[in-house]
Amino acid sequence: MKSGEPTSTASRPAETDADPSLGALLRWWRERALLTQEQLADRAGLNVRTIRRLENQELRKPRATSTLLLAEALGLTDEERAILAVASRGPSRVPPKGCGRRDLPVARNVPGRPSAGAELPTEWGRVLAGLTRNGEARQRAAISIEGMAGVGKTALAVHAAHRLAPRFPDGQLFVDLRGHSRKSAPVDPGAVLTRLLGALGVPEARVPRHVDDRAALYRDVLAYRRVLIVLDDAAGEEQVRPLLPGGGNSQAIVTGRRRISGLDHVWTVPLNVLPVYDAVTLFTCTAGADRIGDAPADVLTAIVERCGLLPLAVRVAALRLRTHSTWTTRHLLDRLNTDGPTGFQAGGESVAAALDLSYLRLPADQRRAYRVLGSQTSGDFGIAAATTLLEAPTARARWLLDRLMDAHLLMEPVPFRYRFHVLVREHASAVARRYPTDSVFANPPD
Ligand SMILES: Nc1ncnc2c1ncn2[C@@H]1O[C@H](COP(=O)(O)OP(=O)(O)OP(=O)(O)O)[C@@H](O)[C@H]1O
Ligand SMILES: [Mg+2]
Numbered sequence: 003m004k005s006g007e008p009t010s011t012a013s014r015p016a017e018t019d020a021d022p023s024l025g026a027l028l029r030w031w032r033e034r035a036l037l038t039q040e041q042l043a044d045r046a047g048l049n050v051r052t053i054r055r056l057e058n059q060e061l062r063k064p065r066a067t068s069t070l071l072l073a074e075a076l077g078l079t080d081e082e083r084a085i086l087a088v089a090s091r092g093p094s095r096v097p098p099k100g101c102g103r104r105d106l107p108v109a110r111n112v113p114g115r116p117s118a119g120a121e122l123p124t125e126w127g128r129v130l131a132g133l134t135r136n137g138e139a140r141q142r143a144a145i146s147i148e149g150m151a152g153v154g155k156t157a158l159a160v161h162a163a164h165r166l167a168p169r170f171p172d173g174q175l176f177v178d179l180r181g182h183s184r185k186s187a188p189v190d191p192g193a194v195l196t197r198l199l200g201a202l203g204v205p206e207a208r209v210p211r212h213v214d215d216r217a218a219l220y221r222d223v224l225a226y227r228r229v230l231i232v233l234d235d236a237a238g239e240e241q242v243r244p245l246l247p248g249g250g251n252s253q254a255i256v257t258g259r260r261r262i263s264g265l266d267h268v269w270t271v272p273l274n275v276l277p278v279y280d281a282v283t284l285f286t287c288t289a290g291a292d293r294i295g296d297a298p299a300d301v302l303t304a305i306v307e308r309c310g311l312l313p314l315a316v317r318v319a320a321l322r323l324r325t326h327s328t329w330t331t332r333h334l335l336d337r338l339n340t341d342g343p344t345g346f347q348a349g350g351e352s353v354a355a356a357l358d359l360s361y362l363r364l365p366a367d368q369r370r371a372y373r374v375l376g377s378q379t380s381g382d383f384g385i386a387a388a389t390t391l392l393e394a395p396t397a398r399a400r401w402l403l404d405r406l407m408d409a410h411l412l413m414e415p416v417p418f419r420y421r422f423h424v425l426v427r428e429h430a431s432a433v434a435r436r437y438p439t440d441s442v443f444a445n446p447p448d
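As structure tokens, this is what we get:
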């Protein structure tokens, strides 16, 4: 039989190899399609010499367009295209052993959903609707959930990943980018790419050295598979950019305390504090029905309002009630009114600790603006008040306000009027009292 002629029983020449080469794969797919090398070249619009060199492994890195044309001509499935994309990146080993979906690892590492009240917030419905069929975010590479510390970004992203799992059968991956971590600096995106590629079945030996090449390979692998990536607690755009899928079937959910505005194909959702009803539900579910008893509705409402309707504060207050078995909800409210909820702690969580981390990420001039404005304003204020308090020209004051808004430490509820969330204001005042001039904590809090 002439070399390059299809065999009638298209066995896989590389079947016995642990990792078939690009040439072996192409030959197998061509024989499966009952094509000669000439017929494949004709169908793909390529030179027959190119096909021959590819199969003989003289040519190991075809152009991206050639790969695409070959995939079309060979009628490859999405999974096979993913394998071809990896194999086309040069000599070495092809990640999965076989060529079918069952041979690709289904990657899953999303944490469990929060147990109490997870289904409740009204706002979540809007976000989920955006991600589902015909939703606004459906066609985007990513959705970015942004908001202040403890507002429920991670809880929502995790919930969405579980709910959307059937739409992403090839995997749902969760990565903590440590944008605001007590324990470490933000994670390097190059290192994250290596980990993600590993989870997607690419062996370490095949991961390119250069970050740009790594990101390109990652996008190739994702393009033909349906994977949801949760990029939690992003430090900013630079960290996130290489980690976004490049379109196709995969999507990312990014969460972060910083505004991300410079990325294309990203649907941004600012997450707000809870409506009173949802906050009371979260409080009662977390504290437990036995601890709530027949507490008056006005006391429950007062508790969650004193918590600024912030999920983290509501949760910590509820855990506090649970651990103090002699307290009634009125006792809890008294404590909240005297001590304020920011300093409440439960299981290592506290609003003060969360806000400390936002504060510590600011440069010195913004930290000063935070302390001054947070401690000396109440309710809404305008640019004139900010200019006076900061003793700065208007343009500079405006710039500082924008930076605080970038960090979701300041809100602009109506154009050109600014306001701190009640707990943020309390935190800024406490920091200003403790560190009136020094802008950095001597010892970052644990
Ligand atoms: N709907 C909810 N149901 C149950 N728990 C919730 C809900 N929303 C938030 N929480 C809880 O509130 C706390 C704060 O939420 P989460 O960690 O998601 O906030 P975050 O916005 O991601 O904060 P950070 O900026 O610190 O990352 C968590 O303990 C979370 O489990
Ligand atoms: Mg989070």
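In my numbering, the protein residues as written are 3 to 448.
Glycine included, C-beta positions come from ideal geometry on N, C-alpha and C.
{"Asked": "My assumption, with CB atoms under 8 Å, is that S186 sits in contact with V256. Please give the rounded CB distance.", "Found": "Contact doesn't hold; Cβ gap of about 19 Å is too wide."}
{"Asked": "So, using beta-carbon positions, are T124 and P298 closer together than 8 Å?", "Found": "no"}
{"Asked": "Select from G181, W329, I231, R419 the residue whose C-alpha is nearest the C-alpha of G249.", "Found": "I231"}
{"Asked": "Where in the stretch 225-270 do unbroken runs of the alpha helix (DSSP H), each at least 4 residues long, occur, reported from the N-terminal end onward?", "Found": "239-242"}
{"Asked": "Using the beta carbon as the reference atom, which residues fall closer than 7 Å to any heavy atom of ligand 2, ordered along the chain?", "Found": "K155, T156, D234, D235, T257"}
{"Asked": "What span of residues does the beta strand (DSSP E) with M413 cover, start to end?", "Found": "413-416"}
{"Asked": "Give the C-beta separation of G149 and N274 to the nearest angstrom, bearing in mind that I take them to be a contact with Cβ-Cβ under 8 Å.", "Found": "7 Å"}
{"Asked": "When the Cβ atoms of the stretch 259-266 are set against those of the stretch 284-295, are three or more pairs found closer than 8 Å?", "Found": "no"}
{"Asked": "Compute the Euclidean distance between the alpha carbons of V301 and A356, then round it to the nearest angstrom.", "Found": "26 Å"}
{"Asked": "What is the DSSP secondary structure of R103, reduced to helix, strand or coil?", "Found": "Only weak support exists for where R103 lies, its pLDDT of 39 falling under 50; the coordinates are left without a value."}
{"Asked": "At the level of alpha carbons, what is the spacing between L198 and E239?", "Found": "18 Å"}
{"Asked": "If you reduce the DSSP assignment to three classes, tell me which class R180 lands in.", "Found": "coil"}
{"Asked": "Which residues share a DSSP beta bridge with E148?", "Found": "G258, P272"}
{"Asked": "Tell me whether the beta-carbon of R227 lies closer than 8 Å to the beta-carbon of A84.", "Found": "yes"}
{"Asked": "Counting C-beta neighbours from all protein chains within 10 Å, is the total for C101 16 or more, i.e. buried, or is it exposed?", "Found": "Low confidence applies here, because C101 scores a pLDDT of 33, under 50, leaving its location unreliable; read the following figure in that light. Per the 10 Å Cβ criterion, buried."}
{"Asked": "Cutting at 6 Å between CB atoms, please list the residues of its own chain near V271, excluding the five before and the five after it.", "Found": "V129, I147"}
{"Asked": "Rounded to the nearest angstrom, how far is the Cβ of P247 from that of A143, given a contact under 8 Å?", "Found": "5 Å"}
{"Asked": "I'd like to know whether the C-beta atoms of L233 and A217 end up nearer to each other than 8 Å.", "Found": "no"}
{"Asked": "Out of curiosity, what's the CA-to-CA distance linking I53 and L133?", "Found": "41 Å"}
{"Asked": "Using DSSP bridges, identify the partner residues of F383.", "Found": "Y420"}
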